[in-house]
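Oh and the sequence shown: position 78 is 78 in the UniProt record's numbering, straight run, nothing missing.
Below: one structure, written as structure tokens.
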Amino acid sequence: MDLKYKKTLRKIIVFASIAFLISVVGSYFWAKSNSEVIGSILGKTINGIMNNLDTSSFKNFGVSLFLNNIRAVAVMTVMGFIPFLFIPIFSLILNGMIIGMLPVLIQRDFLRSMVFGILPHGIFEIPALVLGASLGTMLCITLIKKIFRRDAVEIKVLLKYILTTYLKKIIPLLIIAAVVEAYITPLILMKVNF
1 MDLKYKKTLR
11 KIIVFASIAF
21 LISVVGSYFW
31 AKSNSEVIGS
41 ILGKTINGIM
51 NNLDTSSFKN
61 FGVSLFLNNI
71 RAVAVMTVMG
81 FIPFLFIPIF
91 SLILNGMIIG
101 MLPVLIQRDF
111 LRSMVFGILP
121 HGIFEIPALV
131 LGASLGTMLC
141 ITLIKKIFRR
151 DAVEIKVLLK
161 YILTTYLKKI
171 IPLLIIAAVV
181 EAYITPLILM
191 KVNF
């Protein structure tokens with residue numbers, strides 16, 4: 001992929017990262033002042049996610065987390081095929097909002113929740129989410145440019161780049177994140193009496 005398009009992707013990644021961060025922090029403060037409705041909003045979402053995870057064994061839980069995360073990131077990227085709506089970015093923001101509201105739902109301190117409950121696996125999972133959403137946004141922008149016959153990277157070239165990025169970056173990050181989330185984060189939470 002041409003350097004010009006890689007620069008565009010970098011700008012999208014920066015924008016997506018900032019949007020994600022704002023959604024985490026903003027939703028926390030919103031949830032804190034609206035705690036009575038958080039249970040009904042977030043409870044169903046969390047139950048839906050947990051129902052998709054195989055918790056029957058220790059080993060299956062890690063695999064289940066990985067499959068759930070790769071599906072979520074892939075859907076974000078594929079939603080980029082719908083031009084004009086920028087669904088990948090909105091999906092990323094929604095993920096950030098869920099993370100931000102979670103400490104209010106479980107009635108825990110925001111900073112402790114982030115440091116001990118999210119950060120151990122989040123340092124791998126969040127970059128994969130941001131990258132997946134950014135690739136989907138790049139795909140969306142490319143399709144819009146094609147529709148208006150503006151200079152854009154060839155779809156075939158972009159799809160090859162997306163596939164390569166998944167194989168070299170996103171999938172490895174999500175594998176590490178799933179292992180840490182399934183087997184290390186719970187130990188950290190027990191160690192700090194969370």
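Heads up, the beta-carbon is just placed ideally off N, CA and C, and yes, glycines get one too.
Beta-carbon contacts of residue i that lie in its chain and below 6 Å, excluding the five residues immediately before and after
| i | result |
| --- | --- |
| L105 | I38, L42 |
| E181 | L65, H121 |
| I87 | M79 |
Nearest to residue i (by Cα), restricted to the options the options
| i | options | result |
| --- | --- | --- |
| L111 | K168, V24, I171, Y183 | V24 |
| T131 | L119, M101, V157, F15 | Here residue 131 turns out to be Leu, not Thr, going by the sequence shown. L131 has its Cα closest to that of F15, out of L119, M101, V157, F15. |
| I22 | A182, G100, N68 | G100 |
| Y166 | V78, S33, V153, L53 | V78 |
| V115 | I170, E154, F194 | F194 |
| I46 | K59, R71, I98 | I98 |
| L119 | G48, S35, I155, I188 | I188 |
| L94 | G26, N52, D109, N68 | G26 |
| I184 | D109, K59, V73 | K59 |
| Y5 | L159, F86, P172, P186 | L159 |
| P172 | R10, T142, I70, G96 | I70 |
| R108 | K11, A31, G96 | A31 |
| M190 | G117, A72, I141 | G117 |
| L85 | T8, L143, E154 | L143 |
Contact belief for residue i with residue j at Cβ below 8 Å, rounded distance in angstroms
| i | j | result |
| --- | --- | --- |
| A177 | A128 | 7 Å |
| G62 | V179 | 6 Å |
| L139 | G80 | 3 Å |
| I147 | P103 | With a Cβ gap of about 42 Å, I147 and P103 do not count as contacting. |
| M76 | L53 | Not quite, the Cβ-Cβ distance comes to about 19 Å (not below 8 Å), so this is no contact. |
Exposure of residue i, with buried meaning 16 or more beta-carbon neighbours within 10 Å
| i | result |
| --- | --- |
| F124 | buried |
| T164 | exposed |
| G136 | buried |
| S113 | buried |
| S35 | exposed |
| L3 | exposed |
| I126 | buried |
| I49 | exposed |
Own chain residues within Cβ distance below 7 Å of residue i, not counting five before or after
| i | result |
| --- | --- |
| I89 | A16, A19, A133, T137 |
| K169 | L131 |
| V153 | M1, D2, Y5, T142 |
Own chain partners of residue i with C-beta closer than 8 Å, once the 5 adjacent residues on each side are dropped
| i | result |
| --- | --- |
| D151 | K145 |
| I13 | V130, L131, S134 |
| G96 | A19, F20, L21, I22, S23, V24, S27 |
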